[in-house]
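As structure tokens, the structure follows; a few thoughts come after it.
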Amino acid sequence: MKLLYSTLICLTLAFTSCSKEDDHQEETEHKHEVITGLTKFQELTNDTHIIELYSHHGSLKIGFNQVFFRIKNKSTSTYVSDATVNWTPTMHMAMMKHSCPKSTPKIATDRTGFYEGYLVFQMAQNETEYWDLKIDYTIAGTSYSVTDKIDVANSSKKIINTFTGTDGTKYILAYMEPHHPKVAINNATFSLFKMQDMMNFPIVDNYTIKIDPRMPSMGNHGSPNNVDLTQDATDKFYYGKLSLTMTGYWKINLQVLNDKNEVLKGEEVTDLNPASSLYFELEF
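Using our numbering, read the sequence shown as starting at 3 and increasing by one per residue.
And the structure:
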């Protein structure tokens, strides 16, 4: 009997321990769920739905962010696939509020049950200033809304520029690709917006973005076969070719030209001028 009793106690303790470990593992996986290359980084909730936010990196940062999300019905645990959605990111500062460039969310083309769009944050949060995200959506004629704070981290490299052009217009230029640069001629993608007011940032059409990548630590040498970026008529992003001849730190010197070929910001790199005042950074 004593042996049987001892055995039952051990089994009970083992089962309880495993249950606790399983619960902890399920909780961890729930917070950081990975679905086909996407990682959930936050949930926004109201009385009816849970909005699950995903990204490729599992977080938000300054610059260009591609964001995916799902709308989960709390009572049925099913996902809504036919909602009409809009969103508004807002930075709350001490004396003012402003938004950032963004797309209108749409149903994801290759991920069932997901919606997708982009947000371009000009600045990171700090101890006293923060971002929140409001999502308004309509399902079968009924309108819903949810708002909550979001974390927007800084970057160790310069991947976004906010500048005033010679035309007096304020612009936002964001680095998008390559995500994983290689020693090769890389496909480059940037996005360019202008500030219409504190809440609206339309895409800029028909400009040119000149690039001159340099390695400051290696005599400021450049690279051959770069192609300046021009706008694609379909998605409105700017595409070109970025030549990287070795690994290390690169400064991508930039010039932004309007549709009349006038330089609005940035300087040509010369022997007397080793860098443009407008640039991106990457290191690999």
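Ideal placement from N, C-alpha and C gives every residue a C-beta, glycine not left out.
Enumerate in chain order the residues of its own chain whose CB-to-CB distance from residue i is below 6 Å, with the five nearest sequence positions on each side excluded.
i      : result
Pro180 : Asn188
Thr130 : none
Phe165 : Tyr173, Lys267
Met197 : Lys172, Phe203
Assuming the contact rule is C-beta atoms closer than 8 Å, residue i and residue j should be a hit. Round their C-beta distance to whole Å, please.
i      : j      : result
Leu256 : Ile211 : 6 Å
Phe282 : Lys160 : 6 Å
Asn128 : Tyr209 : That pair is no contact at about 32 Å.
Val148 : Asn48  : 4 Å
Thr92  : Lys99  : 6 Å
Is it buried or exposed, residue i, if we count other Cβ atoms within 10 angstroms and call 16 or more buried?
i      : result
Asp153 : exposed
Ser278 : buried
Val185 : exposed
Gly39  : exposed
Glu28  : Interpretation of Glu28 is limited by its pLDDT of 39, a score under 50 that renders its predicted location unreliable; no figure is taken from the coordinates.
Thr30  : Because Thr30 carries a pLDDT of 37, less than 50, the predicted location of this residue cannot be relied on, and the following value inherits that uncertainty. The residue is exposed, with fewer than 16 neighbouring Cβ atoms inside 10 Å.
Ser101 : buried
Lys262 : exposed
His51  : buried
Tell me, which residues are paired with residue i by DSSP?
i      : result
Leu46  : Ile53
Arg113 : BP columns for Arg113 are empty, so no partner.
Gln257 : Lys212
Ile64  : Looking at the DSSP assignment, Ile64 forms no beta bridge with any residue, so it has no partner.
Gly242 : Ala190
Thr90  : Lys136
Lys267 : Val258
Ala155 : Lys63
CB of residue i to nearest heavy atom of the ligand ADP: below 7 Å?
i      : result
Gln257 : Inclusion of the ligand ADP in the displayed structure is not the case, the ligand content being empty and no account of it being possible.
Looking only at its chain, what residues have a beta carbon closer than 8 Å to the beta carbon of residue i, apart from the 5 residues adjacent to it on each side?
i      : result
Lys243 : Ile187, Asn188, Asn189, Ala190, Asn227, Asn228, Val229
Ser156 : Note on residue identity: the sequence assigns Asn, not Ser, to residue 156. Only Lys63, Ile64, Ala126 meet the Cβ criterion.
Asn275 : Glu269
Ile1   : Absent from the structure is residue 1, since the part of the chain shown begins at 3 and ends at 286.
Ser219 : Gly250, Tyr251
Spatial neighbours of residue i within its chain, please: CB distance less than 7 Å, with the 5 preceding and 5 following residues excluded, ordered by chain position.
i      : result
Pro183 : Leu246, Leu284, Phe286
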